[in-house]
Amino acid sequence: MEKIIYEDEAVMHGVINEIVNAAEQLAEEKTGALIVIEQKTGLSDIINTGTKIDAEVSSALLQNIFVVNTPLHDGATIIRNDRIIAAGCFLPLTANDKLNKQLGTRHRAGIGVTEITDCLTIIVSEETGVISLAVNGRLLRNYDKEKLRTILVKIMKSRQNKKISFKERVKGWISKKDKIS
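Using full-length UniProt numbering, the first residue of the sequence shown is number 1, and each one after it goes up by one.
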């Protein structure tokens, strides 16, 4: 039986709005963040590397998790459905040596986890405030609030549809105008 990510589309949109609002605020403040959205591949091994939280997804809580010099701010936060499951989690780093050398550990971790699972990772750069999205081992950069919301909805809706092949879903996620690093 295939795992259903969101039974209610309104819940999915609510979660996306909270994540996008947090990412925008964190970017404005140039606060680094690594937010992983679990999809059909479970992330239990990664969750076990961090601190379990199990709280409703909210922009305020996400912003608090990433406050500099707090215990959880350097790791990844994992979201499952409408819950923040854990924070301060360790992610595998990508071994891709063709990435821009200016990308740091946060970006390499965000990409790495998407190379081995179907999760989505939102990365906020601490240095530049740039919002990026990692999906299927690719990094898409320079997202604003609306662009991030639109692509998250598109990807998450397509993953709910069991009749679309994986290849077709990937084609639909990344348009030609999106820059891939």
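Backbone N, C-alpha and C define an ideal beta-carbon position, used for all residues, glycine too.
Cβ atoms of G75 and T94 stay farther apart than 8 Å, at about 17 Å. With contacts defined as CB atoms closer than 8 Å, E126 and T41 fail to qualify as a contacting pair. Here S132 is not near R138, since their CB atoms are 8 Å or more apart. Residue burial is scored here from C-beta neighbours: Q39 has at least 16 other C-beta atoms within 10 angstroms and is therefore classed as buried. Relative to the Cα of N21, the nearest Cα in the group R159, D144, K157 belongs to D144. A distance below 8 Å separates the beta carbons of V57 and V15. Secondary structure at T51: strand, using DSSP grouped into helix, strand and coil. I53 is the residue among I53, Q25, A33 whose C-alpha sits nearest the C-alpha of I85. Proximity to T51 across P71, T150, T128 peaks at P71, based on C-alpha coordinates. In this chain, the beta strand (DSSP E) harbouring V135 covers 131-135. Between L43 and T117, the gap from beta carbon to beta carbon is short of 8 Å.
Residue range 105-116 is occupied by the alpha helix (DSSP H) that includes V113.
Around G129, the same chain offers A27, E28, K30 as residues with beta carbons nearer than 7 Å, after the five sequence neighbours per side are excluded. Residue pairing of R138 in beta bridges, as defined by DSSP: V135. Assigned with DSSP and collapsed to three states, T121 falls in strand. Rounded to the nearest angstrom, the gap between the Cα atoms of R83 and Q63 is 15 Å.
C-alpha of I19 to C-alpha of S59: approximately 6 Å in a straight line.
Secondary structure note for G14: its alpha helix (DSSP H) is the uninterrupted segment 9-28. When beta bridges are read from the DSSP output, I84 appears opposite A55, I79.
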